[in-house]
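K.L.:
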Amino acid sequence: MANEEEKALLADLMASVRAGIAEIERAQRKQATLTATASAAGKRVTVVVNANGVVIETRFGNGVEDLTYAELARACTSAAQDAAAQMRRKTEELVEGLRRDQSRLPRLSEFIPGMPDVQDMLPTPPEVSTAPPRGRAAAAGTEAVAEEADGAMKFTDVVPWNHGDGPAAKSGVAESGW
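Residue numbers (the working numbering): 9 to 186.
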């Protein structure tokens with residue numbers, strides 16, 4: 009009798025898991041269609057981002073020619089960051105709905121005593137910087153690795169080393185004949 013009850017409980021659990029996966033798929037499809045729009049500089053610059061926060065459209069409105077290049081650049085950056093923030097909020101709302109639904113499901117530790125729950129083991133992702141590349145090292149408080157404007161890394165905590173001297177240079181191990 010107990011075996012039949014366990015089978016029924018497991019069948020119910022599997023049905024709940026399948027329903028949860030289907031709900032995640034629906035949420036993913038919905039999230040993939042989302043966009044967010046933000047404007048800056050008195051609506052002279054408008055940016056639209058997709059579900060990943062990637063800029064998919066930039067529009068300039070009336071009076072944009074009155075902006076300097078620096079003002080235009082700041083307005084584009086500001087509008088893109090605002091639109092991306094809106095997209096994060098929309099995505100968080102979708103995820104929160106999924107979490108509420110899944111919180112009703114029994115946890116793995118309820119079935120297998122001592123078994124850790126996967127949700128408790130997941131790390132929290134770090135906050136992503138919105139600082140420009142040149143300002144990231146200073147904002148992070150680290151000088152060890154700085155990123156140049158072209159994306160190349162510049163190492164500042166290195167020790168100069170002359171690779172042409174010393175016993176390794178005289179060794180035949182690094183000969184070109186190998």
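Note that CB positions come from ideal geometry on N, CA and C, so glycine has one too.
Counting Cβ pairs closer than 8 angstroms, one from the region 67-78 and one from the region 95-110, do we hit at least three?
P.N.:
no
K.L.:
What does a CB cutoff of less than 7 angstroms around Ala49 pick up in its chain, not counting 5 residues either side in sequence?
P.N.:
Listed in chain order, the non-local C-beta contacts of Ala49 below 7 angstroms within the same chain comprise Leu75, Glu79, Ala83, local neighbours out to five positions each way being set aside.
K.L.:
For Pro140 and Ser86, I'd like the C-alpha separation in whole angstroms.
P.N.:
12 angstroms
K.L.:
Where Tyr77 and Asp165 are concerned, what is the direct C-alpha to C-alpha distance, given to the nearest angstrom?
P.N.:
36 angstroms
K.L.:
Is Val25 buried or exposed, if buried means 16 or more other CB atoms sit within 10 Å of its CB?
P.N.:
exposed
K.L.:
Could you have a look at Ile64 and say whether DSSP puts it in helix, strand or coil?
P.N.:
strand
K.L.:
Mapping the DSSP letters down to three states, classify Ala139 as helix, strand or coil.
P.N.:
coil
K.L.:
Could you work out which residue in Glu12, Ala10, Leu18 is closest to Ile120 when comparing CA atoms only?
P.N.:
Leu18
K.L.:
Given a threshold of 16 other Cβ atoms within 10 Å of its Cβ, counted over all protein chains shown, does Met95 qualify as buried or as exposed?
P.N.:
Met95 is buried by the Cβ-count criterion.
K.L.:
As a quick exercise: from Pro134, Gln39, Leu21, Ala23, pick the residue whose alpha carbon is nearest that of Gly105.
P.N.:
Measuring from the Cα of Gly105, the nearest candidate turns out to be Gln39.
K.L.:
Identify, in the order they occur along the chain, each residue of the same chain with its Cβ nearer than 6 angstroms to the Cβ of Ala152, setting aside the five sequence neighbours on each side.
P.N.:
With a pLDDT of 43 at Ala152, under the threshold of 50, the modelled position of this residue cannot be trusted; read the value that follows with caution. Asp165, listed in sequence order.
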